[in-house]
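Residue 22 is where the sequence shown starts when you use my numbering, and the numbers rise one by one after that.
By construction, the Cβ of each residue, glycine as well, lies at the ideal position given by its N, Cα and C atoms.
Take a look at the structure below.
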Amino acid sequence: MIRNIQLKHSGKYVCMVQTGVDSVSSAADLIVRGSPGPPENVKVDEITDTTAQLSWKEGTDNHSPVISYSVQARTPFSVGWQTATTVPEVIDGKTHTATVVELNPWVEYEFRVVASNKIGGGEPSLPSEKVRTEEAVPEVPPSEVSGGGGSRSELVITWDPVPEELQNGEGFGYVVAFRPLGVTNWIQTVVTSPDTPRYVFRNESIMPFSLYEVKVGVYNNKGEGPFSPVTTVFSAEE
22 MIRNIQLKHS
32 GKYVCMVQTG
42 VDSVSSAADL
52 IVRGSPGPPE
62 NVKVDEITDT
72 TAQLSWKEGT
82 DNHSPVISYS
92 VQARTPFSVG
102 WQTATTVPEV
112 IDGKTHTATV
122 VELNPWVEYE
132 FRVVASNKIG
142 GGEPSLPSEK
152 VRTEEAVPEV
162 PPSEVSGGGG
172 SRSELVITWD
182 PVPEELQNGE
192 GFGYVVAFRP
202 LGVTNWIQTV
212 VTSPDTPRYV
222 FRNESIMPFS
232 LYEVKVGVYN
242 NKGEGPFSPV
252 TTVFSAEE
């Protein structure tokens, strides 16, 4: 009897009975099936701003054919490995390529692949080399645009900075636009630090507790992105 049977116990076994005058033997092949071994040689063959083309080689199937693969991704901003969205959405066991979609531009990624068979999911492959997606125009404006307070003749505008993983490229900054309520033309200024959460406009013409419309946009080396929705902010009191 083989206890705690494992994959390594597969092989040919011979049972022999021997007496003082004779011996009899019988042979049998033992096949132990298990979940697949890790896929091998995971590579990123092509990268764009939001996609990555992957390829890999099949690992050992452990006597049960691979029926599907799944792809996992990791970035410096993610909590561990996350299941990635792929095309095709379901990767069958005979397919060894897939395109990962819905990636963030200008973010460093690494990928790994997991094979599954009727027994279950196997150990993941070794990670691919780290690759960075290409730059793109930013698509997410800052949130929680507000303001108020400050000293006399000041208009204080505040916002929550855009996270690094959503900045989409180098040279990221903000375009702060404001105007007195009822005025047509916007006054605009550029804030070049991506971590800055506020801008203070100082001018003796600002009347105390005056109402302004404000909005904050984004830009990077690839171009200008959208503005936040327009909101209203009061200038400083006396």
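- If you check the CB distance, V111 and K243 do not come in under 7 Å.
- Scanning its chain for C-beta atoms nearer than 8 Å, with the 5 sequence neighbours on each side dropped, one finds around T252 the residues V166, S167, E234, V235, K236, in chain order.
- Around the beta-carbon of S226, fewer than 16 other beta-carbon atoms lie within 10 Å, marking it exposed.
- In chain order, I208, Y233, V235 place their CB closer than 6 Å to the CB of F199, counting only its own chain and leaving out the 5 sequence neighbours on each side.
- Taking a 10 Å sphere around the C-beta of T106, we find fewer than 16 other C-beta atoms and assign the residue as exposed.
- D70 is the residue among E131, G58, V161, D70 whose C-alpha sits nearest the C-alpha of L124.
- Residue environment for V177: buried (at least 16 other C-beta atoms within 10 angstroms of its C-beta).
- When Cβ pairs closer than 8 Å are counted between the two stretches, the region 85-97 is seen to touch the region 132-141, the count reaching three or more.
- Cβ-Cβ distances below 8 Å link V63 to L75, S76, W77, F132, R133, V134, S146, L147, P148, S149 in the same chain, with the five nearest sequence neighbours on each side left out; the list follows chain order.
- Straight across, the Cα-Cα distance linking Y195 with G143 is about 46 Å.
- Annotated three-state conformation of E79 is coil, per DSSP.
- The DSSP-derived three-state label of E185 is helix.
- A Cβ-Cβ contact shorter than 7 Å links F230 with E258.
- Boundaries cannot be given for R54, as no beta strand (DSSP E) includes it and DSSP labels it neither H nor E.
- Per the coordinates, the alpha-carbon of G238 lies some 7 Å from the alpha-carbon of P163.
- Of the residues assessed, S256 falls on the buried side of the cut-off, its CB having 16 or more other CB atoms within 10 angstroms.
- G192 is classed as exposed because its beta carbon has fewer than 16 other beta carbons within 10 Å across all chains shown.
- Residue pairing for F255: DSSP places it in a beta bridge opposite L232.
- Taken through DSSP and simplified to helix, strand or coil, F193 comes out as coil.
- The Cβ neighbour count for P126, taken over all protein chains shown within 10 Å, is at least 16; the residue is labelled buried.
- Burial state of D216 is exposed, judged by a 10 Å Cβ sphere holding fewer than 16 other Cβ atoms.
- Cα atoms of S89 and T116: separation of roughly 8 Å, rounded to the nearest angstrom.
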